[in-house]
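S.K.: Dropping a structure here in structure tokens format, bear with me for questions.
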Amino acid sequence: MKIFRLILFILHLGLLFLLTGVLLNAYIPPKIFPWFNLLSLGFPILVIGYILITFFWIFSWKKRAFVFMFMGLFFLNPVKRWVNYSSESKETANLKVLTFNIKGGKLGKQKVIDYINEQNADLVFIQEYGDEGELQLNNITGKHTASIVSLYTHYKILSRKNLFDDLPDTDITSQCEQIDLEIKGKTYRIFNVHLQSFGVVKSMVKLNGSSEEDEQKVKNIIKKLIPTFKSHQEQVKIIRESIDNSPYPVIVAGDFNAVPNSYEYYKTSEGLKDAFYEVGRGSGTSFHDYKYPLRIDYIFTSESIKPVSYTVDRSVNLSDHFPVIATFKID
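Just so it is clear: in the sequence shown, position 119 is 119 by UniProt numbering, and no numbers are missing.
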């Protein structure tokens with residue numbers, strides 16, 4: 001039993017070390033050390049393991065349980081970015097935002113159109129738009145400048161540009177459109193984001209039990225992840241600079257292809273409110289193609305824009321992403 005507890009203690013310390021590494025994504029970019037960003041993908045498993053072993057120490061009446069419980073407090077906020085139970089806001093919303101990666105409408109574009117019309121949102125952020133013409137939506141209009149992102153709204157568009165146009169060798173899946181809108185007599189800067197995809201498909205992550213083949217699959221996945229992390233760093237830098245230089249309040253939404261507590265998340269959300277963190281309830285998982293919790297779709301806003309509600313709509317299966325809907329109060 002002593003040997004078992006010693007092994008468990010070492011494992012617990014290892015989990016603590018790895019979880020601390022995830023938090024370092026706030027300070028260390030992928031181009032310096034990409035492995036911390038890789039750890040962020042495993043955050044749910046690491047946390048669950050840490051909690052289970054902590055409970056073991058509690059039920060074993062070991063004093064070390066209090067030490068690990070105290071250290072676990074540092075991970076409460078990171079956990080809330082994945083699973084949250086915020087109290088309901090008492091504010092009255094006057095702006096509704098929908099962000100949705102529709103996967104090119106491959107599961108039925110008309111169904112996507114019908115769903116979006118039902119939501120009656122003021123701002124509709126679309127990613128992976130596809131190559132077809134504009135969506136015929138009720139009461140709102142939009143224009144896609146490429147096959148990746150498109151914004152639909154009934155508000156007046158003052159200006160728009162793609163922030164990634166000047167990036168060398170930009171991947172075709174990378175796009176961020178910056179749009180200035182006049183909303184209720186005030187100008188807001190909107191960012192519709194789709195960071196570079198990893199190019200990882202289901203067949204690549206499905207292990208078949210052969211140690212040699214599975215090891216090669218893992219290596220192939222890592223070979224795709226690491227360079228993409230570094231590309232994300234460059235893309236997020238451009239978005240961050242535009243946010244910092246904006247003379248207007250901002251709304252940043254879309255598919256970041258990055259999980260909470262990643263470098264991309266920390267860098268983008270600096271000084272902004274994560275609507276899910278503020279008012280979300282339950283799991284924030286928005287990508288459901290794998291049997292693993294992946295929250296990669298976000299809505300961030302300036303401090304002056306108050307989140308009122310946040311929903312990941314799991315009642316529909318129109319894409320490999322769930323639609324994300326949030327309401328806000330703006331002055």
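Beta carbons: idealized from backbone N, C-alpha and C, even for Gly.
1. Taking the alpha-carbon of H288 as reference, which of R81, L272 and N257 has the nearest alpha-carbon?
2. Please check the pair D180 and L158, which I expect to be a contact at CB under 8 angstroms, by giving their CB distance rounded to whole angstroms.
3. Which whole-angstrom value is the C-beta distance of S286 and R295, which I expect to be below 8 angstroms?
4. In chain order, what residues of the same chain lie with their CB nearer than 6 angstroms to the CB of residue 353, ignoring the 5 residues before and after it?
5. Considering only their Cβ atoms, is the gap separating S302 from P247 smaller than 8 angstroms?
6. Could you tell me the distance, in whole angstroms, from the CA atom of residue 332 to the CA atom of R281?
7. Starting from the Cα of R240, find the closest Cα among D255, K217 and G271 and give me that residue.
8. Have a look at P260 and L46 and give me their C-alpha separation to the nearest angstrom.
9. Would you kindly work out how many angstroms separate the C-alpha atoms of D331 and V218, rounded to a whole number?
10. Candidates E213, Q178, A253 and S197: which alpha carbon is nearest F229's?
11. Using 8 angstroms as the threshold, is the C-beta distance between Q119 and L98 below it?
12. Please report the straight-line C-alpha distance between L318 and D244, rounded to a whole angstrom.
13. Return helix, strand or coil for Q136, following the three-state DSSP convention.
14. When the Cα atoms are used, what is the spatial distance from P34 to A253?
15. Entirely within the segment 263–320 and at least 4 residues each: give me those alpha helix (DSSP H) ranges in chain order.
16. Using the C-alpha atoms, what's the distance from F328 back to H194?
17. Got a sec? Which residues, its chain only, sit under 6 angstroms from A275 by beta carbon, not counting five neighbours each side?
18. Between which two residues does the beta strand (DSSP E) holding I32 run?
19. What residues match up with residue 332 in a beta bridge as DSSP calls it?
20. For V149 and I126, which I take to be in contact (beta-carbon distance under 8 angstroms), what is that distance rounded to the nearest angstrom?
21. Just the Cα atoms here: how many angstroms apart are G284 and R64?
22. Which class does V259 belong to by DSSP, given the choice of helix, strand or coil?
23. May I ask you to check if the CB of V316 is nearer than 7 angstroms to at least one heavy atom of the ligand FMN?
24. Taking the alpha carbon of L6 as the point to measure from, which residue in I53, T20 and L41 has its own alpha carbon closest?
25. If contacts are defined as beta-carbon pairs under 8 angstroms, then E177 and R160 qualify, I think. What distance do you get, rounded to the angstrom?
26. Thinking just about the alpha-carbon of each residue, which of F164, I172, E91 and L167 is nearest to the one in G130?
27. What is the DSSP secondary structure of D166, counted as helix, strand or coil?
28. Mind checking whether K224 and G199 have CB atoms under 8 angstroms apart?
29. Which residue from S262, D320 and I305 puts its Cα closest to that of R81?
30. So, helix, strand or coil for S246, using DSSP?
M.R.: Short version:
1. Of the listed residues, the one whose Cα sits closest to H288 is N257.
2. Their Cβ separation, rounded to whole angstroms, is 4 angstroms, which keeps D180 and L158 in contact under 8 angstroms.
3. With a Cβ gap of about 5 angstroms, S286 and R295 count as contacting.
4. Limits of the chain in this structure are 1 at one end and 331 at the other, which puts residue 353 out of reach.
5. Contact flag unset, no.
6. Within the shown structure, residues of the chain are numbered from 1 to 331, placing residue 332 beyond reach of any answer.
7. Measuring from the Cα of R240, the nearest candidate turns out to be G271.
8. Rounded to the nearest whole angstrom, the CA to CA distance from P260 to L46 is 14 angstroms.
9. For D331 and V218, the distance between alpha carbons rounds to 49 angstroms.
10. Of the candidates E213, Q178, A253 and S197, the one whose C-alpha sits nearest the C-alpha of F229 is S197.
11. Note that the C-beta distance between Q119 and L98 is below 8 angstroms.
12. Cα to Cα, the separation comes out at about 35 angstroms.
13. Looking at Q136 - three-state DSSP - the assignment turns out to be coil, as it is neither helix nor strand.
14. Straight-line Cα distance between these residues: approximately 24 angstroms.
15. Along the segment 263–320, the alpha helix (DSSP H) occurs as fully enclosed runs of 4 or more residues at 263–269 and 275–279, listed in sequence order.
16. Spanning the two alpha carbons is a distance of roughly 22 angstroms.
17. Excluding positions up to five away in sequence, the list reads I299, P307, Y310 and A326.
18. Where I32 is concerned, there is no enclosing beta strand (DSSP E), given that its DSSP letter is neither H nor E.
19. With the chain covering only 1 through 331, there is no way to say anything about residue 332.
20. Approximately 7 angstroms separates the beta-carbon atoms of V149 and I126; this is inside 8 angstroms, confirming the contact.
21. Each residue's Cα considered, the two are about 32 angstroms apart.
22. Of the three classes helix, strand and coil, the one that applies to V259 here is coil, per DSSP.
23. This structure simply doesn't include the ligand FMN, nor any ligand for that matter.
24. That would be I53, whose Cα lies nearest to the Cα of L6.
25. 6 angstroms between Cβ atoms; contact.
26. Considering only alpha carbons, the answer is I172.
27. In the structure shown, D166 sits in coil (DSSP, three-state: anything other than H, G, I, E or B).
28. Yes, they are a contact pair.
29. The shortest CA-to-CA distance from R81 to any of S262, D320 and I305 is the one to S262.
30. Reduced to three states, the DSSP call for S246 is coil.
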